[in-house]
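In what follows, a structure is listed as C-alpha cells, so that the remarks can point back to it.
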Amino acid sequence: MARKRKLNTRKFKKALEAEKERLEDHIRRLEDRASGRDPLNRDVAARDFDELGGDAARDTAERGQVAAIGENFRDILAAVNTALKKIENGTYGICDRCGKNIPKSRLEFLPYATTCAKCRKELSG
Ligand SMILES: [Zn+2]
40 MARKRKLNTR KFKKALEAEK ERLEDHIRRL EDRASGRDPL NRDVAARDFD ELGGDAARDT
100 AERGQVAAIG ENFRDILAAV NTALKKIENG TYGICDRCGK NIPKSRLEFL PYATTCAKCR
160 KELSG
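Residue numbers in the sequence shown follow the working numbering, run continuously in steps of one, and reach 164 at the last position.
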C-alpha cells in the first residue's frame, strides 16, 4: 500500500483547482485561435513574431507556437489532475520517485509537483 502523508491539503487543493480552471481557459482560447474562430485574440502567442516578416512565415510559425504552448498547458493540466487525485487518496506531497515528503515550500511554489527537487533534477539529467 502506498504511503500516506499527513498534510493539510486544503489550500493546495484550492490552488490546484484555480490552476486547473486557468489552464482549461487558456487551452480553450488557444484552440479557438488555432481554428481561426478568434483571430483578434493575440495576447497569448503572437508577441514575438513581428520581426519574422512575411505573413505566411508568421502564420506558420505562429501556428507551431500555438500548438507547442497548447501542449505545454496540457502537460501541466495533466500534472494538476494527478495532484488532485493524490489529494483524494492521501498521497499528495510524496515524491513519486523516492517516496520522501516533498518540502512544503516546494509545494507552495509548485502545487502540482509530483517529485522532490532532487529527483526532478536527476530525472531531467
Ligand atoms: Zn524524490
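Don't be surprised by glycine CBs; every beta carbon is placed ideally from N, CA and C.
1. Residues around ligand 1, please: the ones whose beta-carbon is closer than 7 Å to some heavy atom of it, in chain order.
2. Could you compute how far the alpha carbon of residue 84 sits from the alpha carbon of residue 59?
3. Short of 7 Å in beta carbon distance, which residues of its chain neighbour residue 153, apart from the five on each side in sequence? Order them along the chain.
4. Given residue 129, which residues of its chain have a CB within under 6 Å of its CB, disregarding the five upstream and five downstream residues?
5. Can you tell me the Cα-Cα spacing of residue 50 and residue 142, whole angstroms?
6. DSSP on residue 111, reduced to helix/strand/coil?
7. Does the distance from the C-beta atom of residue 150 to that of residue 62 stay below 8 Å?
8. Would you decide whether residue 112 is buried or exposed? Buried here means 16 or more other CB atoms lie within 10 Å of its CB.
9. Please list, in chain order, all residues of the same chain as residue 80 whose beta carbon is under 8 Å from its beta carbon, the five residues on each side excluded.
10. Let me make sure I understand the geometry here. Which of 155, 148, 106 and 163 has the alpha-carbon closest to that of residue 137?
11. For residue 109 versus residue 66, is the C-beta distance shorter than 8 Å?
So, from the listed chains and residues:
1. Checking every Cβ against the heavy atoms of ligand 1 under 7 Å gives 134, 136, 137, 139, 154, 155, 157 and 158.
2. Working through the sequence shown from its first residue, we reach residue 84 at position 45. Working through the sequence shown from its first residue, we reach residue 59 at position 20. Residue confidence for residue 84 is low, a pLDDT of 49 falling below 50, so the modelled location carries little weight and cannot support an answer.
3. In the sequence shown, the residue the question calls residue 153 occupies position 114. For residue 153, where only same-chain residues beyond five positions count, the Cβ hits under 7 Å are 118, 121, 122 and 135.
4. Locating residue 129 in the sequence shown gives position 90, counting from the first residue. Taken in chain order, the residues that qualify are 43.
5. As a first step, residue 50 must be located in the sequence shown, where it is residue number 11. As a first step, residue 142 must be located in the sequence shown, where it is residue number 103. Approximately 15 Å between the Cα atoms of the pair.
6. Working through the sequence shown from its first residue, we reach residue 111 at position 72. Residue state, collapsed to three classes: helix.
7. Counted from its first residue, the sequence shown places residue 150 at position 111. Counted from its first residue, the sequence shown places residue 62 at position 23. Contact annotation: residue 150 and residue 62 have beta-carbon atoms that are not nearer than 8 Å.
8. As a first step, residue 112 must be located in the sequence shown, where it is residue number 73. Of the residues assessed, residue 112 falls on the buried side of the cut-off, its CB having 16 or more other CB atoms within 10 angstroms.
9. As a working note, residue 80 is residue 41 in the sequence shown. Its pLDDT being 49, under 50, residue 80 is placed unreliably by the model, and nothing is read from it.
10. For the purposes of this step, residue 137 is identified with residue 98 of the sequence shown, where counting begins at 1. Among 155, 148, 106 and 163, the Cα nearest to that of residue 137 is on 155.
11. By one-based count along the sequence shown, residue 109 stands at place 70. By one-based count along the sequence shown, residue 66 stands at place 27. Cβ atoms of residue 109 and residue 66: closer than 8 Å.
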